[in-house]
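Using full-length UniProt numbering, the letters of the sequence shown correspond one by one to residues 1 to 402.
Below is one structure, written out as structure tokens, with a few remarks after it.
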Amino acid sequence: MAGETADKIIYDAVKIGDVATLKQVFQQDPYLVHEVSFAHSRNLLHIAAIHGQTAIVEEVLRIDPRLARSSDSHKSSPLHIAVEEGELEITKGLLSAAPEMRWWRDDQGMNPVHVAAVKGHVMILEELLRLDLNPARERVHRGQTVLHLCVKHCQIQTLKVLVEKLGDLVCAKDDDGEAILHLVVRSNQLEIIQYLAESNKIMNLATNSMGKTALDILRESFRDTSTYLEMYKILDPLSFESISEGIPKMTDLAMVVAILIAAMAFQAAVSPPGGVWQEDTPSHSAGRAVMATTHPSIYRHFIGATSTAFISSIITILLISIGEPQEFFYMATATYSMWVAIASIGVSFGVSLIITNPMETKSVGHIVVIVAFVFVIVFVLLFLYRPVRRWLVSSLEKERRA
Numbered sequence: 001m002a003g004e005t006a007d008k009i010i011y012d013a014v015k016i017g018d019v020a021t022l023k024q025v026f027q028q029d030p031y032l033v034h035e036v037s038f039a040h041s042r043n044l045l046h047i048a049a050i051h052g053q054t055a056i057v058e059e060v061l062r063i064d065p066r067l068a069r070s071s072d073s074h075k076s077s078p079l080h081i082a083v084e085e086g087e088l089e090i091t092k093g094l095l096s097a098a099p100e101m102r103w104w105r106d107d108q109g110m111n112p113v114h115v116a117a118v119k120g121h122v123m124i125l126e127e128l129l130r131l132d133l134n135p136a137r138e139r140v141h142r143g144q145t146v147l148h149l150c151v152k153h154c155q156i157q158t159l160k161v162l163v164e165k166l167g168d169l170v171c172a173k174d175d176d177g178e179a180i181l182h183l184v185v186r187s188n189q190l191e192i193i194q195y196l197a198e199s200n201k202i203m204n205l206a207t208n209s210m211g212k213t214a215l216d217i218l219r220e221s222f223r224d225t226s227t228y229l230e231m232y233k234i235l236d237p238l239s240f241e242s243i244s245e246g247i248p249k250m251t252d253l254a255m256v257v258a259i260l261i262a263a264m265a266f267q268a269a270v271s272p273p274g275g276v277w278q279e280d281t282p283s284h285s286a287g288r289a290v291m292a293t294t295h296p297s298i299y300r301h302f303i304g305a306t307s308t309a310f311i312s313s314i315i316t317i318l319l320i321s322i323g324e325p326q327e328f329f330y331m332a333t334a335t336y337s338m339w340v341a342i343a344s345i346g347v348s349f350g351v352s353l354i355i356t357n358p359m360e361t362k363s364v365g366h367i368v369v370i371v372a373f374v375f376v377i378v379f380v381l382l383f384l385y386r387p388v389r390r391w392l393v394s395s396l397e398k399e400r401r402a
């Protein structure tokens, strides 16, 4: 039997599912099952999977199951092809013959789980995950997870299957620091956001390598889209970081501020406004603050404010250094100490102005009132921020519906 003629006979038999003809050819030349090759270096199982011929696959696997471990010129195994074509029974047969091929990657870096996810084949995906969840954790190009692929290919059904079994991947980031929520917003897929919110799979908004959250990306998009307000209502409550993620940033910032305040307070104590006396006289001693002699009452306020700022900042540093940042007591005490330190250094600054610019400033009490007023204004604005923002979003939604 001529090689070209045999290849064509075998190809036609595989294509139409003619098992009898295939058996007859192999009886005449048993080695053909190993030697025959088609376009892109595909073997019999590749072709049978492409055309959905389950009976052919079963026959070939009976003759030589090793063919299930072969790959074509695109590094695709017969299992890749079966999964891509949505052939569930063929997939089961190939998995039974070569279960390790579920780890095999094609030239796109995808294993059969990835292929099933991007093609939207839910039943095949469930079959692959039933055997082992770990292949679904494999990353592809630029560190993307299988969930990133689902979003990019708009496959919400396979995404739901994966999220139910591998919920921890929802917050996984690619090499650009982007979680699936970033991609969902960019591709304007409201249904996926609604599903993730309803299933409580997203508790906060992570930032990408550019420091942007999904809400930031949404704000930069066109606001006249029909899904903008719906997405905003879902993402807005998540814009405040969870305690577990926010605390490290808070403690780092608090440590820097506390050290700066301690340094300023120390410098103010050793180099007070107006300087120090340089010589001993009956009225003063060398090294004593000039302000202590000329304005003793104001100097007491200055030293009190400076000492309070220094001690409060030291307490903050100690709490951050040796405390448990996840515990409320440590965080609350460190926060209050920081507020006291900031307010005290503000009073100290005001007292310094009284000494160095007596015509432009007033009393210590006046300075304290100014500092307290600024604190109150800041806290009021912070308190009103979220209610006002919600009211604005609600107003925009009512206008759109009108």
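Where a beta carbon is used, it is the ideal one built from N, C-alpha and C, also for glycine.
Note that this is a predicted model, so its numbers are computed, not measured.
Is residue i helix, strand or coil by DSSP?
{"i": "ARG288", "result": "coil"}
{"i": "ARG105", "result": "coil"}
{"i": "VAL140", "result": "coil"}
{"i": "LYS165", "result": "helix"}
{"i": "CYS154", "result": "coil"}
{"i": "ALA2", "result": "Here the model assigns ALA2 a pLDDT of 45, short of 50, so the residue's position is not dependable, and the following value carries that caveat. DSSP places ALA2 in coil when its eight states are reduced to three."}
{"i": "SER271", "result": "coil"}
{"i": "THR145", "result": "coil"}
{"i": "ILE243", "result": "The predicted model places ILE243 with a pLDDT of 45, which falls under 50 and marks its position as unreliable, so this point remains unresolved."}
{"i": "GLY211", "result": "coil"}
{"i": "SER312", "result": "helix"}
{"i": "PRO30", "result": "coil"}
{"i": "SER307", "result": "helix"}
{"i": "SER337", "result": "helix"}
{"i": "ASP216", "result": "helix"}
{"i": "LYS8", "result": "helix"}
{"i": "THR361", "result": "Reliability of the predicted coordinates at THR361 is poor, the pLDDT of 49 falling under 50, and the value obtained from them is presented with this limitation in mind. Coil."}
Which partner residues of residue i appear in the DSSP bridge assignment?
{"i": "ARG42", "result": "PHE38"}
{"i": "VAL276", "result": "ALA289"}
Kindly indicate which residue of the options has the alpha-carbon position closest to the one of residue i.
{"i": "TRP277", "options": "TRP103, PHE266, ALA265, THR294", "result": "THR294"}
{"i": "LEU61", "options": "ASP72, LYS75, HIS74, HIS46", "result": "HIS46"}
{"i": "ILE56", "options": "LEU149, GLN28, GLY17", "result": "GLY17"}
{"i": "PRO237", "options": "ILE320, ALA214, ASP252", "result": "ALA214"}
{"i": "ARG42", "options": "GLY52, LYS75, GLU279, THR54", "result": "LYS75"}
{"i": "SER37", "options": "VAL19, SER73, THR54", "result": "SER73"}
{"i": "SER321", "options": "VAL374, ALA289, LEU253", "result": "LEU253"}
{"i": "ILE124", "options": "THR91, SER209, ALA206, HIS141", "result": "THR91"}
Inter-stretch contact at 8 Å, needing at least 3 Cβ pairs: the region 116-125 / the region 95-106: no
Stretch-stretch touch, CB-based, cutoff 8 Å, three pairs: the region 302-320 with the region 225-237: The region 302-320 is not in contact with the region 225-237.
Length at least 4, wholly inside the UniProt repeat "ANK" (176-208): the alpha helix (DSSP H) runs in chain order: 180-186, 190-198
4-residue-minimum alpha helix (DSSP H) runs that sit fully inside the region 50-134, ordered along the chain: 54-63, 78-85, 88-97, 112-119, 122-131
Sufficient close CB pairs (3 or more, under 8 Å) joining the region 334-350 to the region 305-321: yes
The region 129-138 in contact with the region 177-187 per 3-pair CB rule at 8 Å: no
Inter-stretch contact at 8 Å, needing at least 3 Cβ pairs: the region 151-163 / the region 188-205: yes
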